[in-house]
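Residue numbers (the working numbering): 42 to 217.
What follows is a set of notes on a single structure, which appears directly below.
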């Protein structure tokens with residue numbers, strides 16, 4: 042099958058969507074291993090005041106995330122163009138980062154876009170370059186502690202890790 046076939050285009054775009062989604066989970070769970078796995082070893086990043094190798098950005102980004110009470114990334118408006126083993130993409134991102142400022146929890150809501158370049162190497166799509174463009178920011182006091190129920194946590198304690206592990210341990214009938 043040709044790499045530029047319609048079927049390969051669809052499979053590639055799904056793989057890129059899943060890569061973007063896993064990147065968000067890695068950021069929100071402070072999972073450095075998962076975060077690093079999204080990038081090719083020679084990938085580059087432009088984000089805020091940082092411009093350089095993705096390998097160095099991983100530690101900075103995970104440190105930034107872990108310094109917060111919690112973060113939440115949501116991606117939308119994904120658009121990908123695939124040509125063989127190369128692709129570009131744009132996706133919108135909403136991020137909420139809760140941090141303590143003088144002991145008061147504050148929510149920072151920001152909106153921006155990721156402008157991405159991807160490469161498929163050995164059959165696996167990863168970021169080869171990622172630029173974050175910040176469009177707007179809103180800061181306000183946080184009130185999320187008022188709501189009961191399961192809470193997000195850092196890797197590997199967040200409920201999502203048990204959720205996926207339980208599925209991988211199930212047989213085809215849904216039994217563990």
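Where a beta carbon is used, it is the ideal one built from N, C-alpha and C, also for glycine.
Just so it is clear, the structure is predicted and the values come from calculations on it, not from any experiment.
- In this structure residue 154 does not touch residue 170 by the C-beta definition: roughly 14 Å separates them, more than the 8 Å allowed.
- A distance below 7 Å between beta-carbons, with the five flanking residues on each side excluded, links residue 79 to the following residues of its chain, in chain order: 60, 63, 64, 67, 167, 168.
- Straight across, the Cα-Cα distance linking residue 174 with residue 210 is about 40 Å.
- When secondary structure is reduced to three states using DSSP, residue 152 falls in the strand class.
- The shortest CA-to-CA distance from residue 122 to any of 82, 56, 74 is the one to 56.
- Spanning the alpha carbons of residue 104 and residue 193 requires a straight line of approximately 17 Å.
- Residue 167 has 160 as its beta-bridge partners, per DSSP.
- Put simply, the stretch 128-137 touches the stretch 113-120. At least three CB pairs are less than 8 Å apart.
- By the C-beta density criterion, residue 144 is exposed, having fewer than 16 other C-beta atoms within 10 angstroms.
- At a Cβ-Cβ threshold of 8 Å, residue 58 and residue 160 do not count as neighbours.
- Unbroken alpha helix (DSSP H) stretches of 4 residues or longer found wholly inside the stretch 85-134: 95-107, given in chain order.
- Taking C-alpha positions only, residue 141 is separated from residue 120 by approximately 35 Å.
- Beta-carbon to beta-carbon, residue 70 and residue 201 are separated by about 7 Å, close enough to satisfy the 8 Å threshold.
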